[in-house]
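Residue numbering for the sequence shown follows this note's numbering, starting at 433 and increasing by one per position. For every residue, glycine included, the Cβ atom is placed at its ideal position computed from N, Cα and C. Please read all numbers here as calculations on a predicted model, not as lab measurements. Working notes, beginning with the structure itself.
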Amino acid sequence: MRVITGSAKGKRLVTPDGRDVRPTPERVKEGLFSALQFDIEGRRVLDLFTGSGQLGVEALSRGAATATLVDYSAVSVKAAKTNIENCGFCDRVRIIQADYAAFCAMCNDTFDVVFLDPPYNAGILMPALKAVLPLVSDYGFIVCEHPPEVEPEQSVGGFSIWRTYRYGKVLLTVYKRSCSL
């Protein structure tokens, strides 16, 4: 894995060993950030289920103001810290080891861009989406990565599906507030 573009372009990223982390494939990440290219600069990003931190790193490289990276796994948090340090983003990042539900319940911040990429087989995409809704700014949006067999709800808590992108066996579903569509 590497950073595609921006201030950290070309930097190699480490990933945790084992099968517990499923990094977003390079072409999916490239497609995602091409679609969001004008919606990243100056934004506050939350990367829930961060894994190696690659989505948060890419957003920071492309000019995001800040990023909060959250993962339950100590191994993932360590990899994310290494990647943040190697890319020189320590002053713009908070890395938190916590369960997604506990983090969402205790967080008082709001975010403009939220990345949700929970473990595919855990069945927690919709619970995580519902938990993070109160943390999304008025004009913010949520990007959910999921397999084709998972069908997210059309609308939830005042948010509706704005777009869905398909990259082989990976889907990216973007939610925005229903009133801002």
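Next on the checklist: Taking only three categories from DSSP, how would you classify Gly488?
Outcome noted: In the three-state DSSP reduction, Gly488 falls in the helix class (H, G or I).
Checklist entry - Does the beta-carbon distance from Ser466 to Gly483 come in below 8 Å? => result No, the pair does not count as a contact, with Cβ atoms beyond the cut-off.
Checklist entry - Does the stretch 544 to 562 come within contact of the stretch 505 to 523, defined as at least 3 CB pairs closer than 8 Å? => result Contact fails: fewer than three Cβ-Cβ distances are below 8 Å.
Checklist entry - Do you know offhand how far Leu561's Cα is from Lys441's? => result Across the structure, Leu561 and Lys441 are spaced so that their CA atoms are roughly 30 Å apart.
Checklist entry - In the structure shown, what three-state DSSP assignment does Leu445 receive? => result Coil at Leu445, not helix or strand.
Checklist entry - Do Tyr607 and Ile574 have their C-beta atoms within less than 8 Å of each other? => result Yes. Within cutoff.
Checklist entry - Quick one: what does DSSP say Asp503 is sitting in, helix, strand or coil? => result Strand at Asp503.
Next on the checklist: Count Cβ pairs between the stretch 569 to 585 and the stretch 498 to 514 that sit closer than 8 Å; are there 3 or more?
Outcome noted: Taking 8 Å as the limit for Cβ pairs, the verdict is that the stretch 498 to 514 does not touch the stretch 569 to 585.
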